[in-house]
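A.B. asks: First the structure, then my questions, so here it is.
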Amino acid sequence: MGGITVKDVNAHEFIKAYSAYLKRTGKLEVPKWVDIVKTGTFKELAPYDPDWYFVRAASVARHIYIRKSVGVGALNKVHGGRVNRGSRPSHHVDASGSINRKVLQSLEKIGVLEKDKKGGRRITQDGQRDLDRIAMTLVDEDEE
């Protein structure tokens with residue numbers, strides 16, 4: 072059965088599988104500060120999941136796979152959230168640009184992403200092949 076892509080599988084299942092793959096291979100360079108940093112100004116605590124950096128990297132890779140070219144600002148908007156302003160109405164706040172930038176740089180180092188000449192990052196052929204292969208394994212597991 073050929074022609075299965077990332078778009079054909081459930082996003083949650085794919086991100087879980089790809090983040091496990093990134094952790095298992097050990098190629099993704101993880102900064103030292105991941106266990107103490109918040110992911111945005113609207114958060115009060117750091118993420119509870121110790122593997123959150125791999126999950127974010129998988130989410131970013133899938134996001135860029137689906138869209139042609141994505142920059143740091145767009146990822147900040149996607150991963151942003153609602154800030155609690157007390158008795159005043161809540162507002163949307165962007166996520167941390169530093170974290171998204173480091174994730175993009177880590178994915179670039181392992182060859183999944185490359186810089187686009189128009190700005191932002193885009194997926195490489197090797198990266199697309201890796202993501203499609205993982206999507207294919209998810210489909211194969213569903214059939215069994």
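Sequential numbering of the sequence shown, starting at 72, is according to this note's numbering.
For every residue, glycine included, the Cβ atom is placed at its ideal position computed from N, Cα and C.
#1: When we look at the beta-carbon of His150 and count the other beta-carbons within 10 Å, is it buried (16 or more) or exposed?
#2: Within its chain, find whatever has a CB closer than 6 angstroms to the CB of Phe113; leave out the 5 residues flanking it on each side and keep chain order.
#3: Which word fits Asp201, buried or exposed, when buried means at least 16 other C-beta atoms lie within 10 angstroms of its C-beta?
#4: Who are the near neighbours of Val108 in its chain, counting only those whose CB is closer than 8 angstroms to its CB and skipping five residues on each side?
#5: Which class does Val101 belong to by DSSP, given the choice of helix, strand or coil?
#6: Give me the Cβ distance between Lys173 and Pro102, rounded to the nearest whole Å; I'm assuming they're in contact under 8 angstroms.
C.D. replies: If we stick to the structure as given:
#1: Buried is the call here.
#2: Answer for Phe113: Gly152, Val154 and Val164, listed in chain order.
#3: By the C-beta density criterion, Asp201 is buried, having at least 16 other C-beta atoms within 10 angstroms.
#4: The beta carbon of Val108 sits closer than 8 angstroms to those of Ala117, Ser167 and Ile170, all from its chain and outside the five residues before and after it, given in chain order.
#5: For Val101, the secondary structure class from DSSP, reduced to helix, strand or coil, is coil.
#6: With a Cβ gap of about 6 angstroms, Lys173 and Pro102 count as contacting.
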